[in-house]
Amino acid sequence: MKIFALQSIAGGFLDEDLKNFNKVFDDWCVQFESVEDAQYILDTLEESEQIKIVEITPLSYPKYFFPKLQGIINATREYEGKIICIVEPQMGMSFRIAICDLQTKKVRVLSSRYKSAISVEGAFANLSFDL
(Lines of atoms letter the chains of each structure in order from A; the text may use other names.)
(Lines give C-alpha, C1' and ligand atoms only; values in the text may rest on other atoms or scores of the structure.)
Protein backbone atom coordinates (compact mmCIF):
# COMPACT_ATOMS: atom_id res chain seq x y z
CA MET A 704 0.00 0.00 0.00
CA LYS A 705 2.55 2.53 -1.06
CA ILE A 706 2.62 5.08 -3.79
CA PHE A 707 5.24 7.51 -4.94
CA ALA A 708 5.08 11.24 -5.57
CA LEU A 709 7.33 14.09 -6.65
CA GLN A 710 8.11 16.65 -3.97
CA SER A 711 9.86 19.99 -4.27
CA ILE A 712 12.78 20.53 -1.93
CA ALA A 713 10.67 23.46 -0.66
CA GLY A 714 8.05 20.92 0.48
CA GLY A 715 5.17 20.92 -2.00
CA PHE A 716 3.92 17.95 -4.03
CA LEU A 717 3.74 18.14 -7.82
CA ASP A 718 0.23 18.85 -9.06
CA GLU A 719 -1.35 17.07 -12.01
CA ASP A 720 -0.55 20.05 -14.25
CA LEU A 721 3.16 19.16 -13.78
CA LYS A 722 3.95 22.82 -13.05
CA ASN A 723 2.57 23.74 -9.63
CA PHE A 724 3.17 22.24 -6.20
CA ASN A 725 0.50 21.60 -3.54
CA LYS A 726 1.32 22.06 0.13
CA VAL A 727 -0.77 18.98 1.06
CA PHE A 728 -0.60 15.61 -0.66
CA ASP A 729 -4.06 14.82 -2.08
CA ASP A 730 -5.77 13.26 -5.10
CA TRP A 731 -4.77 16.22 -7.28
CA CYS A 732 -1.10 15.39 -6.91
CA VAL A 733 0.72 13.21 -9.42
CA GLN A 734 0.97 9.65 -8.09
CA PHE A 735 3.05 6.71 -9.28
CA GLU A 736 2.94 2.99 -8.57
CA SER A 737 6.71 2.58 -8.84
CA VAL A 738 9.91 4.54 -8.38
CA GLU A 739 10.76 3.87 -12.02
CA ASP A 740 7.55 5.56 -13.24
CA ALA A 741 8.25 8.56 -11.00
CA GLN A 742 11.83 8.77 -12.24
CA TYR A 743 10.67 8.68 -15.88
CA ILE A 744 8.49 11.79 -15.34
CA LEU A 745 11.08 13.48 -13.15
CA ASP A 746 13.65 13.17 -15.94
CA THR A 747 11.35 15.14 -18.28
CA LEU A 748 10.84 18.11 -15.92
CA GLU A 749 12.79 21.35 -15.91
CA GLU A 750 14.76 22.01 -12.72
CA SER A 751 14.48 18.33 -11.79
CA GLU A 752 17.42 18.70 -9.39
CA GLN A 753 15.04 20.62 -7.09
CA ILE A 754 12.50 17.79 -7.01
CA LYS A 755 12.81 14.44 -5.27
CA ILE A 756 10.85 11.19 -5.33
CA VAL A 757 9.10 10.41 -2.03
CA GLU A 758 7.27 7.33 -0.85
CA ILE A 759 3.74 7.91 0.43
CA THR A 760 2.59 5.33 3.00
CA PRO A 761 -0.08 5.27 5.71
CA LEU A 762 2.69 5.79 8.25
CA SER A 763 4.22 8.83 6.53
CA TYR A 764 0.99 10.52 5.33
CA PRO A 765 -1.89 9.09 7.37
CA LYS A 766 -4.33 11.88 6.42
CA TYR A 767 -4.25 10.80 2.79
CA PHE A 768 -5.17 7.19 3.60
CA PHE A 769 -7.61 8.13 6.40
CA PRO A 770 -9.62 11.19 5.27
CA LYS A 771 -11.58 11.28 8.55
CA LEU A 772 -8.37 11.93 10.46
CA GLN A 773 -8.39 15.65 11.28
CA GLY A 774 -5.90 17.95 12.95
CA ILE A 775 -2.15 18.25 13.19
CA ILE A 776 -0.37 14.89 13.20
CA ASN A 777 2.66 15.08 15.51
CA ALA A 778 3.85 11.46 15.38
CA THR A 779 2.83 8.11 13.94
CA ARG A 780 3.57 4.51 14.78
CA GLU A 781 2.45 1.22 13.27
CA TYR A 782 1.31 -1.52 15.62
CA GLU A 783 -0.68 -4.71 14.92
CA GLY A 784 -1.99 -3.53 11.55
CA LYS A 785 -3.01 -0.13 12.85
CA ILE A 786 -1.52 3.33 12.51
CA ILE A 787 -1.41 5.09 15.88
CA CYS A 788 -1.20 8.89 15.69
CA ILE A 789 -0.65 11.70 18.15
CA VAL A 790 -3.15 14.30 17.01
CA GLU A 791 -3.69 17.92 17.97
CA PRO A 792 -7.27 18.49 16.70
CA GLN A 793 -6.69 22.24 16.42
CA MET A 794 -3.71 24.35 17.35
CA GLY A 795 -3.63 24.91 21.09
CA MET A 796 -6.06 22.10 21.94
CA SER A 797 -5.24 19.06 24.04
CA PHE A 798 -3.44 16.23 22.30
CA ARG A 799 -5.33 13.00 21.52
CA ILE A 800 -4.41 9.55 20.30
CA ALA A 801 -6.08 8.32 17.11
CA ILE A 802 -6.13 4.68 16.04
CA CYS A 803 -6.46 4.14 12.30
CA ASP A 804 -7.31 0.64 11.09
CA LEU A 805 -5.57 -0.25 7.83
CA GLN A 806 -8.12 -2.94 6.92
CA THR A 807 -11.38 -1.13 7.62
CA LYS A 808 -10.10 2.44 7.08
CA LYS A 809 -11.89 3.47 10.29
CA VAL A 810 -10.47 6.11 12.62
CA ARG A 811 -11.10 6.05 16.36
CA VAL A 812 -9.98 8.97 18.52
CA LEU A 813 -9.49 7.97 22.15
CA SER A 814 -11.31 9.99 24.78
CA SER A 815 -8.19 10.73 26.85
CA ARG A 816 -6.81 14.24 26.48
CA TYR A 817 -3.22 15.21 27.12
CA LYS A 818 -2.15 18.77 27.94
CA SER A 819 1.44 18.44 26.76
CA ALA A 820 3.35 16.59 24.11
CA ILE A 821 5.47 14.93 26.80
CA SER A 822 2.48 13.35 28.54
CA VAL A 823 0.94 11.99 25.35
CA GLU A 824 4.31 10.66 24.18
CA GLY A 825 4.53 8.52 27.33
CA ALA A 826 1.22 6.83 26.53
CA PHE A 827 2.16 6.66 22.85
CA ALA A 828 5.57 5.07 23.49
CA ASN A 829 4.23 2.46 25.91
CA LEU A 830 0.94 1.85 24.08
CA SER A 831 -0.77 2.15 27.44
CA PHE A 832 -4.28 2.16 25.94
CA ASP A 833 -6.61 -0.36 24.34
CA LEU A 834 -6.42 -0.83 20.61
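Its first residue numbered 704, the sequence shown is counted upward by one per residue in this note's numbering.
Beta carbons are placed, not taken as given, at the ideal position from N, Cα and C, and that holds for glycine.
Bear in mind that the values here come from a model prediction, so they are computed numbers and not experimental data.
- For the pair Val790 and Ala778, the CB atoms are not nearer than the 7 Å cut-off.
- Around the CB of Pro761, 16 or more other CB atoms lie within 10 Å, so the residue is classed as buried.
- Restricting attention to Lys808, Lys809, Ala820, the CA atom closest to the CA of Met794 is found in Ala820.
- Non-local C-beta neighbours of Leu772 in its own chain, meaning closer than 8 Å and more than five positions away in sequence, comprise Pro765, Lys766, Cys788, Val790, Ala801, Cys803, Val810, ordered along the chain.
- Closest option to Leu813, judged by alpha-carbon separation, among Asn725, Phe728, Phe827, Glu739: Phe827.
- Distance between Arg799 and Thr747, taken at the CA atoms: about 43 Å.
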